[in-house]
Amino acid sequence: MAKVDMENGPWWTENWVTSPFNFLPEVRQGLELPKRLKLHDAMLRDGEQTPGVILLKEEKLAIAKALDELGVDRIEAGMPAVSPDDFQAIKNINAAGLKAQISGFCRAMAKDVDMCLEADCKHVVIEIPCGYLRLKYQMGWTEDECIKRAVDAVAHAKKRGLGVCFFPFDATRAEPEFYLRLMKSVYEDAGPDSVALVDTQGTAIPQAIMYMVRKIRETVPVPVEVHSHNDFGMGVAGTMAALSAGAEVAHVCINGMGERTGNAALEEVAMSARIMYGMETGINFEKLPEVSALVQKLTGIKLDKLKPVVGDNAYAREVGLGMDMVKKQPRTVFPIDPKFVGRKPTVIMGKKSGILSVGMKLEEWGMSASEPQMREMTDKIKALAVEKKRALADDEVRGVFEGVLRG
-14 MAKVDMENGP WWTENWVTSP FNFLPEVRQG LELPKRLKLH DAMLRDGEQT
36 PGVILLKEEK LAIAKALDEL GVDRIEAGMP AVSPDDFQAI KNINAAGLKA
86 QISGFCRAMA KDVDMCLEAD CKHVVIEIPC GYLRLKYQMG WTEDECIKRA
136 VDAVAHAKKR GLGVCFFPFD ATRAEPEFYL RLMKSVYEDA GPDSVALVDT
186 QGTAIPQAIM YMVRKIRETV PVPVEVHSHN DFGMGVAGTM AALSAGAEVA
236 HVCINGMGER TGNAALEEVA MSARIMYGME TGINFEKLPE VSALVQKLTG
286 IKLDKLKPVV GDNAYAREVG LGMDMVKKQP RTVFPIDPKF VGRKPTVIMG
336 KKSGILSVGM KLEEWGMSAS EPQMREMTDK IKALAVEKKR ALADDEVRGV
386 FEGVLRG
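Using the working numbering, read the sequence shown as starting at -14 and increasing by one per residue.
Next comes the structure, spelled out in structure tokens:
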């Protein structure tokens, strides 16, 4: 293996340092990545299906505007057949003059398609179940009946002048031969503009997703989109696998919202695509925290501290060793410079803090102390954190500092 110039490559920029192994020719061999990834955010439909979440018309419009400013290419505005409020919300979003393409979501039924048209949509996502269990136990359809319903709905939408993404869901649990026959029949008899590989229950490993995308591309000559859920924690991995095999559009939800354990998270897919795969995304990464915060506020779903990219701990450090790097060279202890995503590094004071942590806090608050005093502060902070069995709040840390300085 040839020697790598560590500071000269797409893994090393002023904003991030990732693994040079990601870009070795032997690693990237066979990848068929889009140069410009398109992101389709389904927060206003799939995201609202998060148990317990209800979004009002004005809240949906606020989220749509925020996603548009973030740089999302396509916004799934909702399913007008759900309720009059949903219909009006979609209509309002279409009237807002956003840059993003607005999509309506509908079942494979002519009346649903017509409602999307009445709500001023120019593009629709048409869903139909195709998983074995769905057909046999839920719908009671034969394979041929499923195909006919899909063809009829997509053909109806195309005749009405709509752009169509064909979205046969629970695809990863479909009988394989039938699934490809469904895709081929719908393409040949109805002509959708794109087709989506939908891992509704999050049950496919990344290698299976790659295989399916390649088979779909061999079967139909239209762009492939990917829609992954996170039941096994592999929503983002499955999405990236699909993109590696030639999918061009990723369906995501801001904050990873969605049914059960959620969808592939917009922020994680966008960051992975740009930084670890080298794709352009059109996303304004500095806006991610504010859009994430807006969605948390309006949905009432607070993110776990450990959430990648937008979680509270993503750019926080308690361990004292290397704490000086947080300021001197943040890419040493974080994979990216926090300012790239509109964040600031956070020094957490607790059991694992060291004298460097104390020095940084003192400087932050415009305070000073001798080295013996700083060592005493460190010991007291560690002891207090152990006593309380948690990290310390700023007022508790300040109390320790002032107590030591008073002697």
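Virtual Cβ for every residue (Gly too), placed ideally from N, Cα, C.
Alpha-carbon spacing of residue i relative to residue j, whole angstroms
i: Cys131; j: Cys115; result: 7 Å
i: Phe8; j: Ser68; result: 48 Å
i: Lys76; j: Ala104; result: 5 Å
i: Val171; j: Phe151; result: 8 Å
i: Glu275; j: Ala255; result: 16 Å
i: Gly351; j: Glu43; result: 44 Å
i: His141; j: Thr3; result: 47 Å
i: Arg145; j: Met94; result: 13 Å
Limits of the unbroken beta strand (DSSP E) element including residue i
i: Leu369; result: Unbroken run through Leu369 is the alpha helix (DSSP H), 356 to 373; no beta strand (DSSP E).
i: Glu61; result: 59 to 63
i: Met90; result: With the sequence shown as reference, residue 90 is identified as Phe, and Met is not the correct amino acid for it. Looking at the DSSP string, the run of the beta strand (DSSP E) that includes Phe90 is 86 to 92.
Cut-off 6 Å between Cβ atoms - residues of its own chain near residue i, not counting five sequence neighbours on either side
i: Ala222; result: Pro191
i: Phe163; result: Glu128
i: Thr317; result: Met310
i: Gly176; result: Lys143
i: Ala250; result: Gly241
i: Met308; result: Leu341, Ser342
Helix, strand or coil at residue i according to DSSP, with G and I counted as helix
i: Leu18; result: coil
i: Arg383; result: helix
i: Lys23; result: strand
i: Glu43; result: helix
i: Phe319; result: coil
i: Asn(-7); result: coil
i: Glu130; result: helix
i: Thr331; result: strand
i: Ala104; result: coil
i: Ala235; result: strand
i: Leu49; result: The question names Leu, but residue 49 is Ala in the sequence shown. In this structure, Ala49 counts as helix in the three-state DSSP scheme.
i: Ile260; result: helix
i: Glu112; result: strand
Residues near residue i by beta carbon distance below 7 Å, same chain, minus five either side
i: Gly243; result: Asp31, Gly32, Gln34, Thr35, His214
i: Leu167; result: Cys115, Cys131, Ile132, Ala135, Pro153
i: Ile333; result: Ala301, Arg302, Glu303, Ala376
i: Ser257; result: Val221, Met225
First and last residue of the uninterrupted alpha helix (DSSP H) at residue i
i: Ala278; result: 273 to 284
i: Gln73; result: 69 to 79
i: Ser342; result: 340 to 349
i: Arg245; result: Where Arg245 is concerned, there is no enclosing alpha helix (DSSP H), given that its DSSP letter is neither H nor E.
i: Arg13; result: 10 to 13
i: Lys324; result: Unbroken run through Lys324: none, as it is neither H nor E.
i: Lys312; result: 310 to 313
Beta carbon proximity, residue i to chain B, threshold 9 Å
i: Met225; result: This model lacks chain B altogether, as it is built from one protein chain only.
Quick check on the DSSP output: what are the complete alpha helix (DSSP H) runs of length 4 or more inside the stretch 134 to 222, in order along the chain?
161 to 175, 191 to 204
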